[in-house]
């Protein structure tokens, strides 16, 4: 089997200065892209190709007779894989931590263990001694 080709990211020849404003003008890009050479090679006009014949539209499908009264929202696709939460190596049972958010913000607690859900089980500092 032949090795698969790696896709390379497409890089613009005309980088944006700000969104919607390119570094080079339209006439500068005309020359940078070499469009003048293509036009000269084809007798002063750009080459054109024959349009494909359009297929006739399929027979009209009957409209649905029932519509829900409310708009039914389609749930968004979720590609997230549930992975166990990683814990910092320096956090071991008995480590004193400081809570950063919520009702007990700024309070010191002692780390007991990490639950299977990823939450940390902690206790008040004075309980451990």
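In my numbering, the protein residues as written are 3 to 131. Don't be surprised by glycine CBs; every beta carbon is placed ideally from N, CA and C.
Excluding five sequence neighbours on each side, which residues of the same chain lie with their C-beta closer than 6 Å to the C-beta of residue i?
i	result
residue 31	16
For residue i, which of the options has the nearest alpha-carbon?
i	options	result
residue 111	117, 125, 105	125
residue 114	120, 127, 96	96
residue 86	73, 120, 75, 35	120
residue 99	68, 128, 61	128
Tell me whether the beta-carbon of residue i lies closer than 9 Å to the beta-carbon of residue j.
i	j	result
residue 109	residue 101	yes
residue 93	residue 122	yes
residue 26	residue 37	no
I'd like the list of long-range same chain contacts for residue i, defined as Cβ closer than 8 Å, with 5 residues on each side in sequence excluded.
i	result
residue 74	none
Fill in: Ranges of the beta strand (DSSP E) found wholly within the stretch 60 to 116, counting only runs of at least 3
98 to 100, 110 to 116
Worksheet item: Whole alpha helix (DSSP H) runs in the stretch 9 to 68 with 4 or more residues, listed along the chain?
Response: When DSSP assignments are scanned along the stretch 9 to 68, the uninterrupted stretches of alpha helix (DSSP H) that are 4 or more residues long and fall wholly within it turn out to be 28 to 34, 37 to 43.
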